[in-house]
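A short worksheet on the structure shown next.
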Amino acid sequence: MIPIEDVYAQIRGFAADAGAGRVILFGSRAKGTARPKSDIDLAVEGCADFAALERRLQDDLWSLLKVDVVDLDAPVSDALRREIAATGKVLYEKV
1 MIPIEDVYAQ IRGFAADAGA GRVILFGSRA KGTARPKSDI DLAVEGCADF AALERRLQDD
61 LWSLLKVDVV DLDAPVSDAL RREIAATGKV LYEKV
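Using full-length UniProt numbering, you'd call the opening residue of the sequence shown number 1 and step up by one each time.
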């Protein structure tokens with residue numbers, strides 16, 4: 001199995017290619033409670049073509065791990081926003 005840091009590096013590359021403003025890891029992987037096959041929960045901000053980035057993340061990483069992606073520029077529940085703010089870790093930020 002590929003090391004999780006290598007998966008995160010791929011995510012950073014995909015985010016940069018898509019022009020995303022920020023990608024935040026949340027859920028069990030951000031909290032440090034993940035198991036080897038736990039999914040990857042990502043929140044994305046500032047991405048003009050979110051659908052293309054989401055598709056690439058899911059299509060290119062599906063054989064490694066399941067990826068769930070949330071668009072923070074779209075309506076998202078307050079509870080989920082609070083969870084991301086409280087436990088999220090920035091994986092990528094455009095500079």
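All residues carry an ideal CB built from backbone N, CA and C; glycine is no exception.
Small disclaimer: the values here were computed from a predicted structure and weren't measured.
Here V76 is exposed. Its C-beta has fewer than 16 other C-beta atoms within 10 Å.
Within the DSSP secondary-structure output, Y8 pairs in no beta bridge.
If you draw a 10 Å sphere on the C-beta of D41, you find 16 or more other C-beta atoms in it, and that means buried.
Within its own chain, the residues whose Cβ lies closer than 6 angstroms to the Cβ of G21, once the five positions on either side in sequence are excluded, are E45, G46 and K94, listed in chain order. By the neighbour-count criterion, in which 16 or more other beta carbons inside 10 Å mark a residue as buried, I84 falls on the buried side.
Going by C-alpha positions, D78 is about 11 angstroms away from L72.
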